[in-house]
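Quick note: the sequence shown uses the working numbering, first residue 1233, plus one each step. Glycine is no exception: its CB is placed at the ideal position from the N, C-alpha and C atoms. Heads up: the structure comes next, in structure tokens.
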Amino acid sequence: MSASTYELGRLHGGLRLDSLKEQSTSHSIYEMPVPARLVLPISQHVGSAARPIVGIGEQVLKGQRIAETGGTLGAPVHASSSGRVVAIEPWPVSRRYGDAAPCIVIECDGEDRSIEDADALPAYRDTAPEALLTKILQGGIVGLGGAVFPTAQKLAQALAGELQYLILNGVECEPYISCDDLLMRERARQVVGGAQILMHALSLDVAYLVVESDKPDAIRRLGEALAELEDNRLVLIQVPTVYPSGGEDQLVQLVTNREVPTGGLPSDVGCLVQNVATAAAIYDWIIGHEPLISRITTVTGDGIVRPMNVMARLGTTVAEVVAFAGGYTDRAELLIIGGPMTGKSMTTDRVPVVKATNCILALSEPPKQGRARACIRCGECAVVCPVRLLPQQLYWYACADDEAKMRLHGLTDCIECGCCDLVCPSHIRLTADFRKAKARIRELEDEKARADRARRRFEARSERLDKEQRARERQLLAQKETARRAGPDAIAEILRRKQKDEE
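Here it is as structure tokens:
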């Protein structure tokens, strides 16, 4: 089955956007030198933050685990190079507006010495899937397409259902970002090798490698890698270049013509989606014994002197990456981590590169957007919405803070792609309003959860106090009965003791 003959499903809505990728794809991936200092946040994934297991002054090696998973949903953090831990302190990170978070700071020694993988597996084909999942967890692997969901837990969660297909996501549809394109061009063997490892871990017989049609070099390199492997279980598929076809649910719709249910997961319709960079990271860990300590990052925009893709160690600051790319141009005004549609605006470039950092975008000016006016009910936002929502209705309910109506009309299904913003003739910032509304809903859910916990604690305390009171009353009755049988003097003694206790 070839990419040209595969029958695709239909994607609702979406937009054809200028890719703006040419400036960063004209060169091969540049390997950045190890910086003098690494700043490694202990939370680089969805779920609870990792727990530091090293102390200040301790010497560490490249690949050494320095923070362990802190709960059921998490991923460990590893040292990106050898050196000495000099601080464990808050540091600006690539959350929105560069808020601070706990980080482990390592002063590199320049030797880049690696730790030996004492738990290296034999050939992965001779390893039980359960052991392979445990090993993937130890490598700190997370989804590198942006969601940073811990990969081992995602695989385990998917195995709870009836899986049929593995889908490798090479659909890099957001403008400017080209790190996955360069990865597929230059490391296609690692991508398809990672797919084979995932198939073994999931006991699957079919995997689709999905790439946009505007990436001919990546398609050719992946095709060559597949031809070398002669593994008919892997199928290469081209899809149209439409934003946001790279979303998990949208990709499942395109490839399998199955619709992920509201509030559901691709595994609910027999699919598991993994980014191509995640597959390559799994290959590097299982075959090359290197945990997730670096990633390819696009450095681009008209605010960068030499746009490029770099392989950067996690913990390298954005300022150092930009300096490696020639620095900022005189026109640079806006710094974004991620793409122009879904990225986060930064007020500082001291933030480190983390597992989620797929793009560093410097622009001369913010995207042009006119003054917001009243909604004219044109319906264009509903036409382009890939999730089939009614953004104009959601907008009114968001303005009214009507949580029930927002839920009823599917606000939680919004993927915040920004398509509705681009087509709105009234220039209403719909995505920002929806993001705030979703945050408000999460806040209300947290308040409800706190209230429920307080209610349960109160009820448990009341039940305990009632039980103790009933026990005391039973004890007093027993004492009175005993005293009655013993005579008046004993009763007087009991009453005296009770009065003394109450005083």
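Asked, Found
"Distance CB(S1314)-CB(P1539) smaller than 7 angstroms", "no"
"CA-to-CA distance, E1254 to V1537, given in whole angstroms", "14 angstroms"
"CB of Q1243 within 7 angstroms of CB of Q1482, strictly", "Checking the displayed sequence, the identity of residue 1243 turns out to be Leu instead of Gln. Yes, these two residues count as a Cβ contact at 7 angstroms."
"Per-residue DSSP class, three states only, for G1246", "coil"
"Runs of beta strand (DSSP E) wholly within the region 1242-1313 (minimum 3 residues, chain order)", "1269-1273 and 1297-1300"
"Backbone secondary structure at Y1408 - three-state DSSP", "coil"
"Completely contained alpha helix (DSSP H) runs for the region 1443-1484, where each covers 4 or more residues", "1448-1461"
"Uninterrupted alpha helix (DSSP H) stretches inside the region 1598-1661 (no shorter than 4 residues)", "1612-1616, 1623-1631, 1635-1640 and 1651-1655"
"Straight-line Cα distance separating T1580 from E1522", "30 angstroms"
"N- and C-terminal bounds of the alpha helix (DSSP H) containing V1380", "Per DSSP, V1380 belongs to no alpha helix (DSSP H) and is neither H nor E."
"Three-state secondary structure assigned by DSSP to A1509", "helix"
"Three-state secondary structure assigned by DSSP to P1584", "strand"
"R1674 - DSSP class collapsed to helix/strand/coil", "helix"
"Enclosing beta strand (DSSP E) for E1239 [first to last residue]", "E1239 -> no beta strand (DSSP E), and no H or E assigned at all."
"Cross-strand partners of P1539 (DSSP beta bridge)", "In the DSSP output, where bridge partners are listed per residue, P1539 has none listed."
"Closest by C-alpha distance to E1263, when choosing among A1681, A1544, L1593 and Y1475", "A1544"
"Inter-residue Cα distance where the pair is V1505 and V1542", "25 angstroms"
"Three-state secondary structure assigned by DSSP to P1334", "strand"
"Buried versus exposed, by CB contacts within 10 Å (16 or more), R1297", "buried"
"First and last residue of the uninterrupted alpha helix (DSSP H) at P1743", "Residue numbering for the chain in the displayed model covers 1233 to 1735; residue 1743 lies beyond these limits and cannot be assessed."
"Option in V1487, T1532 and I1519 with minimal Cα separation from P1354", "I1519"
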